[in-house]
């Protein structure tokens, strides 16, 4: 067959026999191309539909949550129904009493919920229609595909597309051959390393290839901005104010320090998986590293640290804390464990450092919540698709997010918008706010929300304004309270002396966290 193929492509001979062979082989190749394209189109169409169903589930869950919060029912037909309070006969038609105010609020909530239900139903119908249309196009051969057997990845896009969902990414990646994936990692690691929906092993391979080139790029940024800074310094007087390149230079130096520490940790820990290496952060790199096999573990815990954390100053500490979670978790329950130190967002700076006032705002938490929810959804999608090709790998591992300090509010906001099924449990500790005002706002997959709060030397706990940071998690009705045992230094009192000791070895809080991570907490 190989000889015939080469003859078909390159042969110059003539004759009826050869021409007949070429004609038959050409027809076979055409049939094979169509078959590959049909299967690939079905794969991507099903991925799109799966993502649509996931979005429908999220919208339905939001409707259920809204209905529960406002004591409203949704009938099987999708019609919203509710009961109004009786208004006393003595009530004046010119004034609005308490009962009337509650009725007005419920009517308004009913109208809002009906719109949400209608939107969810309309979206579900569109998902179904889109999927049916793509299936019909495959059946009739009218879909568009320019891929052939000579393409880099026949039937599939050669590179990921910007508008793909995590399910589309995962379906595409798992549809490629080992050789095709290896070639993309080698030639385009920047497209794979931070792409949610890609398995952890591939992300790690891609990101480790990027470490030294990224370091060279960041060092060049420092040299370029330092030259601009020096030039500006020559032409400015003392009355001209700060050098206009001072802030840029500070950030460039910070990111260079971040990459140096990331390279050091990657070298010290070759078995750890570098899942995120993102230089687009506002003033630091965004980095995430995993301990254990995220692609096969029965239990996955993502640790989200808070204020003042960045790779240069905190990656080593956060990895040690993630290791503490992993080691303690192995003492409880059964199954394998993987933990992720997720410094994948722009945490506010330490008190007194440039930008530290961001800690009073939710802006970085909102952005971080979007990044964290995408990261967790990507893990979920990757495991769902990856399990079929990895013996012994469960498609739906038990997942927990553990958020500390500002990271707990970020985590709470992420879990309130994440797609159903992506996270089972949420643990918040040393938390300024839960990110929500009612525990029913969390999109947890049959799991629970937990809080740990020491009773002294942690002024951060509950300090955030409820309106923006969410309710103090210790006050959330229905939340499960974990151990508040966290060590302190008996010879040194500090208003935050125990704020960062929850994850220290031997603490009661850490033991309870491990029970949650392994599903062993009763």
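Numbering (this note's numbering), first residue to last: 1319 to 1840.
Backbone N, C-alpha and C define an ideal beta-carbon position, used for all residues, glycine too.
key: Close-in-space but distant-in-sequence residues of the same chain around residue 1569 (CB under 6 Å, 5 per side omitted)   = 1601
ask   = In this structure, does DSSP put residue 1514 in helix, strand or coil?
value = strand
task = State the beta-bridge partners of residue 1770 as determined by DSSP.
result = 1747
Helix, strand or coil at residue 1727 [DSSP, three-state] = helix
ask   = For residue 1435, which option in 1395, 1636, 1402, 1733 has the closest C-alpha, if you only look at C-alpha atoms?
value = 1395
task = Would you check if the segment 1574-1588 and the segment 1498-1512 touch, i.e. whether three or more CB-CB distances between them fall below 8 Å?
result = no
inquiry  = One question on the structure: do residue 1769 and residue 1791 come within less than 8 Å of each other, judged by their Cβ atoms?
reply    = yes
task = Note down the Cα distance separating residue 1718 from residue 1586, rounded to an integer number of angstroms.
result = 26 Å
inquiry  = Using only the alpha-carbon positions, how far apart do residue 1686 and residue 1675 sit?
reply    = 17 Å
request  = Determine the burial state of residue 1433: buried for a count of at least 16 other Cβ atoms within 10 Å of its Cβ, exposed for fewer.
outcome  = exposed
ask   = With burial defined as no fewer than 16 other Cβ atoms inside 10 Å of the residue's Cβ, what is the status of residue 1372: buried or exposed?
value = buried
Unbroken beta strand (DSSP E) run spanning residue 1591, endpoints = 1591-1596
key: Classification of residue 1748 by the beta-carbon crowding that lies within 10 angstroms, buried from 16 upward   = buried
key: Segment contact, 8 Å Cβ cut-off, at least three pairs: the segment 1360-1371 with the segment 1443-1457   = yes
Range covered by the alpha helix (DSSP H) that runs through residue 1621 = It is not in any alpha helix (DSSP H) - residue 1621 instead sits in the beta strand (DSSP E) that spans 1617-1622.
task = Tell me, to the nearest whole angstrom, how far the beta carbon of residue 1813 is from that of residue 1777; I am working on the premise that it is less than 8 Å.
result = 5 Å
request  = Taking residue 1658 as part of the beta strand (DSSP E), name the residues at either end of that continuous run.
outcome  = 1655-1661
task = Count the other C-beta atoms from every protein chain shown that fall within 10 angstroms of the C-beta of residue 1591, then say buried if there are 16 or more, exposed otherwise.
result = buried
ask   = Should the segment 1435-1444 be regarded as contacting the segment 1382-1397, the criterion being three or more beta carbon pairs within less than 8 Å?
value = yes
query = Taking the alpha-carbon positions, what's the residue 1484 to residue 1807 distance?
reply = 45 Å
key: Where the beta strand (DSSP E) containing residue 1605 begins and where it ends   = 1604-1609
query = If you draw a straight line from the alpha carbon of residue 1740 to that of residue 1398, how long is it in whole angstroms?
reply = 28 Å
ask   = Thinking C-alpha only, which one of 1684, 1414, 1496 is nearest residue 1730?
value = 1684
message = Quick check for students: name the residue ranges of the beta strand (DSSP E) that lie wholly in the segment 1424-1451, counting only runs of 3 or more.
response = none
ask   = By Cβ distance below 7 Å, which residues in the same chain neighbour residue 1562 in space, the five residues on each side in sequence not counted?
value = 1550
message = I believe residue 1315 touches residue 1359 by the beta-carbon criterion, under 8 Å. Please report the beta-carbon distance rounded to the nearest angstrom.
response = One cannot answer for residue 1315 here, as it falls past the ends of the chain, which runs 1319 to 1840.
query = Between which two residues does the beta strand (DSSP E) carrying residue 1580 extend?
reply = Here residue 1580 belongs to no beta strand (DSSP E); instead the alpha helix (DSSP H) covers 1564-1586.
task = Could you please give the first and the last residue of the uninterrupted alpha helix (DSSP H) stretch that includes residue 1698?
result = 1681-1704
task = Go ahead and label residue 1425 buried or exposed: buried means 16 or more other beta carbons lie within 10 angstroms of its beta carbon, across all protein chains shown.
result = exposed
key: Any 3 or more C-beta pairs closer than 8 Å across the segment 1643-1654 and the segment 1625-1635   = no
ask   = Can you tell which of 1615, 1607, 1682 has its C-alpha closest to the C-alpha of residue 1634?
value = 1607
request  = Please work out which residues of its chain come closer than 6 Å, Cβ to Cβ, to residue 1830, disregarding the five sequence neighbours upstream and downstream, and give them in chain order.
outcome  = 1800, 1801
Beta strand (DSSP E) segment containing residue 1765, residue limits = Counting along the chain, residue 1765 falls outside any beta strand (DSSP E), and DSSP gives it neither H nor E.
query = Among the residues of its own chain, which have a CB less than 6 Å from the CB of residue 1512, if the five just before and after it don't count?
reply = 1594, 1596
key: alpha helix (DSSP H) segment containing residue 1635, residue limits   = 1629-1647
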